[in-house]
Structure formats: structure tokens, C-alpha cells
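Trainee: Below you will find the structure I want to go over with you.
4 protein chains.
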Amino acid sequence: MKNATIIGATGFGGLGLIEILLRHPEFKIKQLAARKDVGKRVDEVFPHLKGFCELIIESPEAIDYSGMDIAFFSTPDRAGMTLISEFFSRDIPVIDFSGDFRFNDAETYSAYARFKGMEDKHLAPEILAHAVYGLPEVNADRIKTAKVVGNPGCFAVSIMLGLLPAVEMGLADSQTIICDGKTGVSGAGKNPGEANFYPQRYENVNTYREGKHQHIYEVENVLKSKSKNKVRIMFVPQIVPLNRGILTTMYATAKAGLTTKKAFDAYKEYYEGKPFVVITDKSPNTTDVRGSNRCEIRPMVDERTGMLFITSAIDNLVKGQSGNAVQNANIIFGFDERTGLDVPAFYP
Amino acid sequence: MKNATIIGATGFGGLGLIEILLRHPEFKIKQLAARKDVGKRVDEVFPHLKGFCELIIESPEAIDYSGMDIAFFSTPDRAGMTLISEFFSRDIPVIDFSGDFRFNDAETYSAYARFKGMEDKHLAPEILAHAVYGLPEVNADRIKTAKVVGNPGCFAVSIMLGLLPAVEMGLADSQTIICDGKTGVSGAGKNPGEANFYPQRYENVNTYREGKHQHIYEVENVLKSKSKNKVRIMFVPQIVPLNRGILTTMYATAKAGLTTKKAFDAYKEYYEGKPFVVITDKSPNTTDVRGSNRCEIRPMVDERTGMLFITSAIDNLVKGQSGNAVQNANIIFGFDERTGLDVPAFYP
Amino acid sequence: MKNATIIGATGFGGLGLIEILLRHPEFKIKQLAARKDVGKRVDEVFPHLKGFCELIIESPEAIDYSGMDIAFFSTPDRAGMTLISEFFSRDIPVIDFSGDFRFNDAETYSAYARFKGMEDKHLAPEILAHAVYGLPEVNADRIKTAKVVGNPGCFAVSIMLGLLPAVEMGLADSQTIICDGKTGVSGAGKNPGEANFYPQRYENVNTYREGKHQHIYEVENVLKSKSKNKVRIMFVPQIVPLNRGILTTMYATAKAGLTTKKAFDAYKEYYEGKPFVVITDKSPNTTDVRGSNRCEIRPMVDERTGMLFITSAIDNLVKGQSGNAVQNANIIFGFDERTGLDVPAFYP
Amino acid sequence: MKNATIIGATGFGGLGLIEILLRHPEFKIKQLAARKDVGKRVDEVFPHLKGFCELIIESPEAIDYSGMDIAFFSTPDRAGMTLISEFFSRDIPVIDFSGDFRFNDAETYSAYARFKGMEDKHLAPEILAHAVYGLPEVNADRIKTAKVVGNPGCFAVSIMLGLLPAVEMGLADSQTIICDGKTGVSGAGKNPGEANFYPQRYENVNTYREGKHQHIYEVENVLKSKSKNKVRIMFVPQIVPLNRGILTTMYATAKAGLTTKKAFDAYKEYYEGKPFVVITDKSPNTTDVRGSNRCEIRPMVDERTGMLFITSAIDNLVKGQSGNAVQNANIIFGFDERTGLDVPAFYP
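Protein chains in written order, with our numbering: chain A, 23 to 370; chain B, 23 to 370; chain C, 23 to 370; chain D, 23 to 370.
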């Protein structure tokens, strides 16, 4: 059994980790830390955990490094970079949920930070070179030996898994690919605010940060590394009255001669052996993946317009966050990727 | 007061008409007809109408033409074409909610019907030449004297109002325009089935008829008539856990030099004097238009990718159906377009 | 046209008033005031009001009393009592939405305030004697000449209208009547917090303030005044994943010999001439009254257990708040009670 | 590993069994049968099962009894009684989800059937004497050796677990106990109809079968067997816009001297050693138990009115159906009751 510490345990990311690690045969939750609710038992914050996890939330200052095998930072941008050195120096692998370690040089980080509109100086630049982008379907080899994993953004997962085969195998001609993303409300996190205010959200759809969402940056960064050509993403996120789930629809000009059958076969081949990517020839539903670590993808070609059209569905809190993080942790310790994650969606 | 008859009174289209005409100062509901619920009082079918409308639902065979000033056919495809001649011969204007009179020659109708996968022979071809496509923002002049108005499809309204300025004023270069449409569940009508089954819909998003929705046909038909170039639409409808509302996001390559400011000004100018189109520089929300006849449109240019991005929001049951129909009826009788329709959205 | 000022204009109560007064033929909104959003146009706060109401929100200090015919205080407990004297001295009638003027002596107010757990000293005790409890179905005569109307609580409306005939006509024997109330989330107001946090509310039902909700106090106060016997209420409020609406189920031991038919007839007779109370023999649905000022009530006797069972349905934001307030205002000025309020529910 | 056959596999009850048995270490699903979807793979009906369960749905006529250790009948009333003899004669234990085996003599069954309004002649009366009512918290001893278990109704579970301590330990004086039950929409099953029609349900609350729901019959049957006095239930079910979950609020006159503390202690003691009943002193939320087999119960005494007030929360599809059934199956084979069921609620 490996001992895992969760920092940022009282948000939805932390909760997701607790829920998965509780059923994981190889990990044991050693300590929970957070800035909020320090001193409370975690089942006071999340009553459904009563009898399953009754650890006390401790402050980050009270973290006990002895016997710790891995740490998850379910913390916002710029929190992990202030905590990382204590873990790095002790050789404890860290999986960070923010943008802090999604890029491996200070310059790219700074460009990302400016794109998001934040302070742009990284506070642990010497560690960046050791950071690995945590998309297991692409980077499993490097994740195996990573000391710091930058777990991807939820929208980024849905877009990258949808586009990687098209970009890498040259199925699309277009330089600008349209990504239209629909997310559930839980994506806005656990603090009450406008974005998760029931009377505004229960019967509403709207776009936000049109063309400017920070996940664009990491998506283009990854896709460029896989493509011979320049790749640009026009991404418009939207909130729909769903709690969990992301459905992203993607549109690119198909290469001449591409058919739905060929695209389907290419996607199948590309994801051969990737246990959480399901290629389908039916319309994906977010209910198909709710609560599961799967990403369901359907590529098709609209012959009338010559467009390659791809749909991907994930659970933003699982494959888009804590499930993907545990998948990374499995890889680090050499466990089967599916360990603790091999459950069907929660339905209905 | 003009006397209006509603055929298909027990569906959501019919109900929408009843609700609007009840508050309309110039129309009186003369008769309600339907195939279902014949013999019941309408407030048995819709209890909230008790005390407001207590007419008996009659069969289409029992329609009384005397004193009728206008008829609304809130009926499915291929029903109106079997009823129309009785009205046409009596010179009673008809507004039909299906695809039966959205095209004005039998050949185009047949192509549409095949696209939708229906029997393709029109049953009242001699009347088609008199049919006018009922989008008042484009066709008001012809609607004034129309005998038969083909009320547009709900998605079609959201797309056409969003794209007409771009296409007609040449703001976009692309031949294929991406339209990503999100609709509420009420769009699936009033008969219980898979598409409106609560346990499947309350927490789900999915695409359907990708690139093949029948509204594509009327949209391309209208846009082509306004453009110097060929226009093709790649349209993917989606159902979201919303009851009412359509949010469509549209993407085209912007003409060189176009900016958000120029696009905004062009849209403002194009819709000058159109009371129900609101051009905005904020992200439209479907709550802004729920229960209202407005269409809220935001054009913007994403300078990073050079895309012209347009969002439009309507209530699928009002501007997408019965509200638009009453707007057409107002035009036919020379009333102010806003009569009976000038109410703010229902919020929260 | 009478000039109305709304204080607390940016909450759901204020918004409800704006929406109703906009369509009211006899009232004109003269001024909007609030503590929040001062200096903004109201349609910046509520975008759906664009083109309908574009007044600037002003601070309560900037209220202009000249030409004001009536004021609505859509303000929390203990705000109205600090504002009232300026209006009272100018003889401007006030309708207050809080508990401040629901009791007409300082002692009863203090008992209420302690029950709710607030500071218990009334700050305008000299005005309390002029306050009238604003339930028009009971107090219309006194409301006509009232200078200060205490608009009832939303749950209180649903309970009192449900129980008044039973209590006043002696249809029930029991001293303790069970009231089980289900409310929509909008009842928690317009500030984001735990009670209206989408991820917690979208799929949850729970009780709160069991037996201790402050509306118990005003309900017992009114029922006692109408009954020969002591009346006690055991009331348990619940939040359900509904935005608008209250359904209250009420249980009392039926008087021997009472049948559903007799109870129905008694209720019908009791509410004869009350335009907003609808007695029905079918199960009320909150959708039947959503957006309307109606209260739908069904009394029935369960012969197996001898219980008198009453269901009442209202829209918490209309008959439970702003609609009832406008009904009171209509009575004060001698307008038909229905003026501006005679619209069917918003459905679907 | 024990081999389990599921009959009625394509409804929500069958699906619930599949989901639980897939993670159960002691049961293996041997065969799936149903009247609907015969010949399809189960993951065509429920796409989220792809890769987890890919059995073909077979007709009940094709059931293979060889090697079968247990059968679950997730079938409607009067289906199980026609199937039972084949299983009984082979000594295969059966857990039936309908009312067919909830009573153990033909006379009581007939009274129940008439109460529900069905044909009242039992078709396997000779087996009724072997039937055991499947509420493990009460009947574990008899379930151990049962050949036929009548799994309780979902509302019945929520009411009985809430009232048993009060009735058996004499904490309440009243003969008639008020039970106000709120259920999610999934309780109406998997066939689209009025009760689960999204546009009607997404923003609605209503009562139904007031005082006449068939679960009253089994509740009174059980409570009477545990009480010295007569017990009558006035039960009013309600549908709320929730998918999963039942919250039942129960009201009885408290015995003189009872306090919340005493009631809490009595409930704690009564359910000592029952792993799925959680006694709490906070307001239960249906989210606390969603997807779990727990029943959360809070007893309290309202001192002002002298009422004993009990709230219980369950997931109607788990403790109210398939979870409880697997708990029964665990008991039959001598496994720990918690096997396969010990997972926390699905949140958020």
C-alpha cells in the first residue's frame, strides 16, 4: 500500500481523489490538508463520507512527510509552486491539478500566465524542467519516472483526446480547428458564486471567455508537438445546466478522401491499448461516462460539407481531473492503469 | 378584433399561440382543433389555462370557417398540405408551423422532403407559389400580402438571424459555416419518448442528426438567396438539460480587416428597426430571452485565429415558433409587429 | 397612473415588482433604490429588462418623495423599520416584504423576533398600530385604508390559505396541524450561498429549521384570530430542486362526518369572490401556478384514516411575494384586485 | 462465486442489480432475461455498460436453470407468480421486486391487490407460506433460509425504517402517523410517460395517490406485527424534480416525556449493528445517500407541539430496490451484509 497525501482536500478535486482512493487497492490516504475547514473532520464537510473517511483536515503547514509515497495538489494556480520544493527535495512525486507544472520551461509558463491574466513569474523555475504533462494517453513513458506531473485541464483533456489522432495522423487540413465545449456547473468549483447560482443556472446556457480560455494554451502546446503543421484552436466554452460532464464538438476540414469509416479506423488504431478511450460510431452522451474515467470519442466525416466532425465526452471531475490524476499515479508506481478506476458510469 | 383558429392546439406550438393570443389586444381565439383530446376542454389538457381559455378541442373536420380571419396550423409535416385548400379557397390566411410551406416550388419541397427522409410529393403544389417564408426580419414585405406563411424551424431562426448580416454584407470568407446548436428538451414536442425522458435528460448532453438536421435545408435556401457566393452550413444540433431555449454558436473565417467593433456596427445597422433582434456585446444567455420573442445576437472577431464568432439566443417556443407566428400575423393585418409580444423574459 | 418606488430593487422581490408593474396599467415605476449595485442601470443587473426598464439604481438616501404615491420595501427584516417614518409622515402608503410590520404591537413583534433569533426591539413602535397584515383574502377591508402593510411570508401564504377555511369553519378537530412545505431554491434569495449552490441543489431534497421556521409565528397569529380553539402548527420546510414554487401538504384530524365533498364545498364557499384562490378536486401541481398570482387548493378527506388533507400550491415569488404585494396595492387604490395580475401560469 | 440470473434486466431495477453485481466479489451474472430488447446485448440498451457487461438479453422462456444459485425477479406485479414454480421446485432462491411475495397468505395478498386495484387471485398460493418479507433490518433471521423473498417497495423501506423504533419501542402515542414522501422521477420506471416527461417534471412538484399508495399496505402489515396497538398510516407520495432519492418526513404525537435526546438514543440502540442505517442529529439530505445502500434517519421531538418528527433519506433505486435485494442475497448465502454494497454516495 502506498501512502497518499491530498492537499486541497475540501474542493471537488480533493473529494474526487478521496472517493477514488477509498476504493483503490494500492493507495491509502495518509493525510488531508487544505486552507479551508482546518480542524474539521472531512465527513463534516462531506457528510456522505461518514464511516468511509474520517480524517481531520490539517493546514498545509502541518503536512507530515514521513512515509509519504505521493502527494496530490488539488490546489489553484500558483499554490503548488510555493509548496513543491519540500516534496521535490524528498523525492516524493507530486501530481498538481493547476497550470503550474503543465509547461516545462519558465518562458512558456510565463506566456501561459499572461494569456490567463495572472502574475507571470514562476516561483520554482528550477523544477519546471522535471515537470511532465500528465496526459497518460500521450505521455505514459515520461510519466513513469516523473517527479512532478501537471495534471491537464478538464476541457484540455476533452479536446486533446478528440484531436490528437486527427492532428498526428494528418486527417485534417485546416489550421484553425473549431472546438465548442459544453461543461457542467461543477467545473466552477466548490465556492458559491454567480457561475453556480441555482436560479441563474437551472435553465440557462451561455458562452464565456470566448476564444480566451486558458486551456487553449496547453492544448495548442501539445498539438503543435505532434503535428508537422501549425495548429490553432478556436475554443468557446459554455455552461449548460448539467452538474458533471463535458461534451466537446470539434470541426476541421477533412483531408480529401477521408470517410467516416477511415476516420473511425484511424482513431481505433491510434487508441489501441488505451483502456479509457472508447471510440464509438454512435453519438456520445455525457451520461455514458458520468462518474467514470472514460473518454468516449466519435469521429465522423460530413460528406456534404467535407468537414471532419469529432465529439468527445468525459466527466470533468474524473477523466477531467481526479480520475486522470490517479491514472497518472498508477503509472508512476507501475500499477495497471485501470486500478481503482475500472467502474462503469453512474446511471441513471 | 380578428378571429383566429388554431389547428394542432394541444401541442406546445398550439399552447404557445393560446398563451400569446390571450394577451393580444387584436386577436380573439375563435376555435381550437386537434387530432388528440377531441371533446375535452383545453383547460383539462393544460390546467393552468383554467379561467383563461375554456374552449372545447374539436376535430379538424368540425372547423367552422365562418367569420374566421386567420388560421394557425401547429401541425406536423404533411398535415397542413392536406388542409390548406379549404382555407386558401376562402381567402383565409394561414400560418403553418411545419416544412410544408417553407419552399415555394414543388421541386425544392421534394428535395427538402428527401433530405428529411419523408414522402416527397407535395399534395398542394398549386398553392406553393403563394407561400412565403415567414422570417419577418427578412420577408416582412412579402408576408404582408401572403396567403400562406411557412413559419420557420426553431433552429433555423437562430441560425439565420445570426448569419444573415455576415452573409449578406460579406463579413465572412468561408464557404462552410459551422453552426453548433444547443436546444432545450421542449423542442422534442409534447409526446413522451426517449428524447424527453427525465432520467435520461436531467444530466445529459448529446448530439443528434449531425450534419443532417432538416433545418439545414431552409437555412441554406435563405442564405443562398442573400449571398453572392455559395453558402454551406455544417450544423450539429445538441440537447441540453434545459427546457426552453436555443443557443447557437456560429464560426466562420472573418474577412480580412474585420474587427469586433466593425462586426458589431454592421449587425446593429442590419437590424436597425427590427424590434425583436437585440445586438449585444456581452455573452448572450438563454435566460435573457426565455418566454420572450427576442433574439439576442453577439458577433465578435477572435483576432488570434481570425474567426468571426456569432452567438444567438432565442426561446425555441416563442421566437422559434409561436411568437414568430404571431409576429407574422401582426404584419398580415398591419398591426405593429410588437403587438401582444412586447413582454420581457420570464426570470428567474 | 400612480407613481411607485421600489426599495430593495435588485433582489428577487424587487425584480418581481418591476416585472409586474411594467405590465400594470395603473402604476408607473418612479424610482428604484437598493444598497447593492447603486449607480448601475437595472438592466445591467437583469439583462432581460433591456428596453423595458432602464432606471438607475439609487441609494436609499437619494429617495425622492415628491409625487410618490406608494412605496414597496423589498428589504430584509429590520431594514423597513428604519426607513418607515419618512414615508409615514408624508402619508405615503408602504408595503413591506419583511416581518417588520406583520404584527401590530411591539410585544408580539418582539416575541416573533426572538422566535427568529434576532434583536427584538422594534425601532418604529409607534407606527405598528397602523400596520395591517397583508393577506388580501382575509384583510381586504383593512388593507384599503392601511398606511403600512406587512406583506406575508411565502410559506405563510401557502399555509394560511390552505388552513383558514378548515380552522374558521371548524372542519378539523386537531389542535396541532401538520404542515409539510416544499419550496423552490429561489426562496433563498439572490445572494449565492450554500442554499442555492447548484452542485448541492440540483439533485437534493432536505428539511431545515424543522418546527422553527419564523413563518410559523405569523400563521399561528392569524389562525388563532379566526378560531374558537387554540391552533398550533408543526411546520417543516424543505428545499427541493425546483426554482420557483411552494407545495404545502397539510394534515389535520377531520371533524366527524366530514367528507371530501363537504370539505370541497366549504372551501369553495369560503373563497367565493376571491379571484386568486382556485379550489380544485385534482392534485395541484406547482406548474399550474408558476408565474401566476394564483393559489391552488385541494381539500380532501382520507376516509380510511379520518384525516383532512389539504394541498396548496403557489409561486413563492408571486402570490408568495411580489404578486400579493401588488394585489394589496390594487386594494389600497381601489383598483380591481386582478389589475396587472391576471395572467396564466408560464408553461412549460 | 455464486451464479445469479436477473429477470427483468432492462428496467432500472435490473440495471441496478447489474451495476452492483459487477463489483460484487461473490456473485457472477449468469444470465439476463427480459420481455423487452430480447436478442440485444445489454450494453446496446445501456451504453455505459460497454466493456463491463456484454451479455445478450434472452426471453424468460430461454432461462437456463443449470448451475443457477439465485434469481432476481425485477418484474412488475403478477409476473413473478407465474414464473416462481420452476425456481421453487429446483430449490433456487428467488428475490422478487414486486408485491407478489410481500405477504405470506393468499388472503392478505388479495386484500393488497384490491387496495392497489388489480386482479386479486394469487397464482402460486402454495408458495406464499414460504415467502419472507425482505427487510433485512427486521427479518434477517428468516431471510437466511428463505426460498422466496418479497423485496419491499421503495417508499415502504423509507417509512418502515423511519417508524419501526418509534412503533416497537412505544415512542409515539398516535394511532395515525403522517408520512409525507418525496420521490425522484426514476421511481416511475423506464418507460416514457407523463410521470417522467421532462417538460412537465423539470420544474414541478405534485402529490399523487393521496392516502391510497399501495405501499401503505405492506407498511401497516409490518408495523402492526411489531406494535401492541393498532397502527395506521396516512401516506401522501409526491414527485419532485430529482432523479434518484426519497425523503420521507413522518409525524406522530410523542409519548409524554420523550425528548430529542431520548429518541435519538432509542433509535441508535434499535439499529445497533445494522450497517446500512445511519442515525443522525442533522437534517438528512438525499445527496448523502445517492447511489449508496444507506438509510439516513433523524428522529427529533418538537417540544413546542409535542410531535415526534422523523426524517428518512434513501436512494430509491438502491436501498429502495436493488441494493436491498443484494443485501438479502448476501444474507441468504451467509456473506457479510455489506459485501458489494459498501460504497459511499455518489457526490456531487
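Quick reminder that beta carbons are idealized off the backbone N, C-alpha and C, glycines included. Just so it is clear, the structure is predicted and the values come from calculations on it, not from any experiment.
(1) Look up Val171 (chain B) in the DSSP assignment and say whether it is helix, strand or coil.
(2) Between Tyr369 (chain B) and chain C, is the shortest Cβ-Cβ distance under 7 Å, so that the two count as touching?
(3) Where DSSP assigns a beta bridge to Asp364 (chain C), which residues make up the other side?
(4) Can you tell me where the beta strand (DSSP E) holding Gly313 (chain C) begins and where it ends?
(5) So, Arg42 (chain B) versus Val348 (chain B), is the Cβ gap smaller than 7 Å?
(6) Assuming Arg312 (chain B) and Arg266 (chain B) form a contact by the criterion Cβ under 8 Å, report the distance between their Cβ atoms to the nearest whole angstrom.
(7) Which residues of chain A have a Cβ atom closer than 8 Å to the Cβ of Arg45 (chain D), listed in chain order?
(8) Use the C-beta contact count for Asn338 (chain D): other C-beta atoms within 10 angstroms, 16 or more gives buried, fewer gives exposed.
(9) So that I know if they touch, is there some Cβ in chain B lying closer than 7 Å to that of Ser196 (chain A)?
(10) Taking Cβ positions, are Pro221 (chain B) and Leu264 (chain A) nearer each other than 7 Å?
(11) Using a threshold of 7 Å, state whether the C-beta atoms of Val184 (chain C) and Ile332 (chain C) are closer than that.
(12) Which residue marks the beginning of the beta strand (DSSP E) containing Phe94 (chain A), and which one marks its end?
(13) Considering only C-alpha positions, which residue in the set D:Lys248, D:Met140, D:Thr281, D:Tyr230 is nearest to Met256 (chain D)?
(14) Considering only residues of the same chain and omitting the five flanking positions on each side of Lys204 (chain D), which have a CB-CB separation below 6 Å?
(15) Kindly indicate the opening and closing residues of the beta strand (DSSP E) around Val300 (chain A).
(16) I want to verify the contact list: residues of chain B whose CB lies under 7 Å from the CB of Tyr224 (chain D), in sequence order.
(17) Quick check: what's the CA-CA separation for Arg164 (chain C) versus Ala153 (chain C)?
(18) Any residues in the region 43–67 of chain A with a beta carbon nearer than 9 Å to a beta carbon of chain D? Which ones, in chain order?
(19) Can you tell me which residues form a DSSP beta bridge with Glu80 (chain B)?
(20) Would you say Leu186 (chain D) and Ala274 (chain D) are within 7 Å of each other, going by their C-beta atoms?
(21) Could you list which residues in chain A have their beta carbon closer than 9 Å to that of Leu39 (chain D), in chain order?
(22) Mark Asp287 (chain A) as exposed unless 16 or more other C-beta atoms lie within 10 angstroms of its C-beta, in which case mark it buried.
(23) Using the three-state DSSP reduction, which class does Arg112 (chain B) fall into: helix, strand or coil?
(24) In chain B, what lies closer than 7 Å to Val299 (chain D) by C-beta?
(25) What distance in whole Å lies between the Cβ atoms of Leu44 (chain A) and Phe68 (chain A), which are believed to be in contact at a cut-off of 8 Å?
(26) Smallest Cα separation from Met90 (chain C): which of C:Ala84, C:Leu77, C:Lys52?
(27) Do Tyr239 (chain C) and Tyr134 (chain C) have their CB atoms nearer than 7 Å?
(28) In or out: Gly295 (chain B) buried (at least 16 other Cβ within 10 Å) or exposed?
(29) Mind checking Lys143 (chain B): buried by the 16 CB within 10 Å criterion, or exposed?
(30) Would Phe119 (chain C) count as contacting chain A if we go by Cβ distances under 7 Å?
(31) Please name the residue or residues paired with Leu330 (chain D) in a DSSP beta bridge.
(32) With a threshold of 7 Å between beta carbons, is Phe137 (chain D) in contact with chain E?
(33) Whose CA, out of A:Val171, A:Glu108, A:Lys304, A:Ile79, lies closest to the CA of Ser88 (chain A)?
(34) Look at the alpha carbon of Phe110 (chain D) and the alpha carbon of Met103 (chain D), and state the distance between them as a whole number of angstroms.
(35) Under the DSSP definition of a beta bridge, which residues are partnered with Ile255 (chain C)?
(36) Using 7 Å as the limit for Cβ to Cβ distance, is Arg231 (chain A) near chain B?
Mentor: Walking through what the data contain:
(1) In the second sequence, the residue the question calls residue 171 (chain B) occupies position 149. DSSP places Val171 (chain B) in strand when its eight states are reduced to three.
(2) Your numbering for residue 369 (chain B) matches position 347 in the second sequence. True, the Cβ-Cβ gap to chain C drops below 7 Å.
(3) Along the third sequence, read from residue 1 onward, the residue named residue 364 (chain C) stands at position 342. Partner(s): none; Asp364 (chain C) has no beta bridge.
(4) Sequence index remark: in the third sequence, residue 313 (chain C) carries index 291 (1-based). In the DSSP assignment, Gly313 (chain C) falls outside any beta strand (DSSP E) and carries neither an H nor an E.
(5) The residue you call residue 42 (chain B) lines up with position 20 of the second sequence. The residue you call residue 348 (chain B) lines up with position 326 of the second sequence. For the sequence presented, residue 42 (chain B) should be read as Ile rather than Arg. In contact: Ile42 (chain B) and Val348 (chain B) (Cβ atoms closer than 7 Å).
(6) In the second sequence, counting from the first residue as 1, residue 312 (chain B) sits at position 290. In the second sequence, counting from the first residue as 1, residue 266 (chain B) sits at position 244. With 8 Å as the limit, Arg312 (chain B) and Arg266 (chain B) qualify as a contact, their Cβ atoms being about 6 Å apart.
(7) If you number the fourth sequence from 1, residue 45 (chain D) lands on position 23. The CB of Arg45 (chain D) comes closer than 8 Å to the CB of Val365 in chain A, given here in chain order.
(8) Reading the fourth sequence from its first residue, position 316 is the one you call residue 338 (chain D). It is buried - the Cβ of Asn338 (chain D) has at least 16 other Cβ atoms within 10 Å.
(9) Sequence index remark: in the first sequence, residue 196 (chain A) carries index 174 (1-based). Proximity of Ser196 (chain A) to chain B, defined by a Cβ-Cβ separation below 7 Å, is not satisfied.
(10) Your numbering for residue 221 (chain B) matches position 199 in the second sequence. Your numbering for residue 264 (chain A) matches position 242 in the first sequence. Not a contact, by the Cβ cut-off of 7 Å.
(11) Here residue 184 (chain C) refers to the residue found at position 162 of the third sequence. Here residue 332 (chain C) refers to the residue found at position 310 of the third sequence. Here residue 184 (chain C) turns out to be Gly, not Val, going by the sequence shown. The answer is yes: Cβ separation under 7 Å.
(12) If you number the first sequence from 1, residue 94 (chain A) lands on position 72. Note, Phe94 (chain A): beta strand (DSSP E), 92–95.
(13) Taking the first residue of the fourth sequence as position 1, residue 256 (chain D) is located at position 234. Ranking D:Lys248, D:Met140, D:Thr281, D:Tyr230 by Cα distance to Met256 (chain D) puts D:Tyr230 first.
(14) What you label residue 204 (chain D) is simply residue 182 of the fourth sequence in a count that begins at 1. Counting only Cβ-Cβ distances below 6 Å, and skipping sequence neighbours, we find Gln260, Val262, Leu269.
(15) Taking the first residue of the first sequence as position 1, residue 300 (chain A) is located at position 278. Element bounds for Val300 (chain A): 299–301.
(16) Here the question's residue 224 (chain D) lines up with position 202 in the fourth sequence. In chain order: Asn265.
(17) Position 142 of the third sequence, counting from 1, holds the residue named residue 164 (chain C). Position 131 of the third sequence, counting from 1, holds the residue named residue 153 (chain C). Approximately 10 Å between the Cα atoms of the pair.
(18) Those would be Leu44, Arg45, in chain order.
(19) The count along the second sequence starts at 1 and reaches residue 80 (chain B) at position 58. By DSSP's assignment, Glu80 (chain B) forms a beta bridge with B:Ala55.
(20) One-based indexing of the fourth sequence puts residue 186 (chain D) at position 164. One-based indexing of the fourth sequence puts residue 274 (chain D) at position 252. The answer is no: Cβ separation not under 7 Å.
(21) Locating residue 39 (chain D) in the fourth sequence gives position 17, counting from the first residue. Within 9 Å Cβ-Cβ: nothing; Leu39 (chain D) doesn't reach chain A, min ~13 Å.
(22) By 1-based counting over the first sequence, the position of residue 287 (chain A) is 265. Looking at its Cβ environment, which holds fewer than 16 other Cβ atoms inside 10 Å, Asp287 (chain A) is exposed.
(23) Here the question's residue 112 (chain B) lines up with position 90 in the second sequence. Residue state, collapsed to three classes: coil.
(24) Position 277 of the fourth sequence, counting from 1, holds the residue named residue 299 (chain D). Around Val299 (chain D), no beta-carbon contact reaches into chain B at under 7 Å, the shortest distance being about 27 Å.
(25) The residue labelled residue 68 (chain A) in the question sits at position 46 within the first sequence. The residue labelled residue 44 (chain A) in the question sits at position 22 within the first sequence. Not a contact, Cβ separation roughly 12 Å.
(26) Walking along the third sequence from the start, residue 90 (chain C) turns up at place 68. The shortest Cα separation from Met90 (chain C) among C:Ala84, C:Leu77, C:Lys52 belongs to C:Lys52.
(27) One-based indexing of the third sequence puts residue 239 (chain C) at position 217. One-based indexing of the third sequence puts residue 134 (chain C) at position 112. In this structure, the beta-carbon distance from Tyr239 (chain C) to Tyr134 (chain C) falls below 7 Å.
(28) Numbered from 1 along the second sequence, position 273 holds the residue referred to as residue 295 (chain B). Its Cβ having fewer than 16 others within 10 Å, Gly295 (chain B) is exposed.
(29) For the purposes of this step, residue 143 (chain B) is taken as the residue at position 121 of the second sequence. By the neighbour-count criterion, in which a residue is buried when 16 or more other Cβ atoms sit within 10 angstroms of its Cβ, Lys143 (chain B) is exposed.
(30) Taking the third sequence and counting its residues from 1, the one referred to as residue 119 (chain C) is at position 97. Not closer than 7 Å to any Cβ of chain A, the Cβ of Phe119 (chain C) fails to qualify, so no.
(31) On the fourth sequence, residue 330 (chain D) is found 308 positions in, with the first residue counted as 1. D:Ala274, D:Val323.
(32) The structure shown has no chain E; the protein chains it does contain are A, B, C and D.
(33) Sequence index remark: in the first sequence, residue 88 (chain A) carries index 66 (1-based). When only C-alpha atoms are compared, the closest one is A:Glu108.
(34) Your numbering for residue 110 (chain D) matches position 88 in the fourth sequence. Your numbering for residue 103 (chain D) matches position 81 in the fourth sequence. One C-alpha to the other measures close to 11 Å.
(35) For the purposes of this step, residue 255 (chain C) is identified with residue 233 of the third sequence, where counting begins at 1. BP columns for Ile255 (chain C) point to C:Ile199.
(36) In the first sequence, residue 231 (chain A) corresponds to position 209, counting from 1. No, Arg231 (chain A) does not count as interfacial toward chain B.
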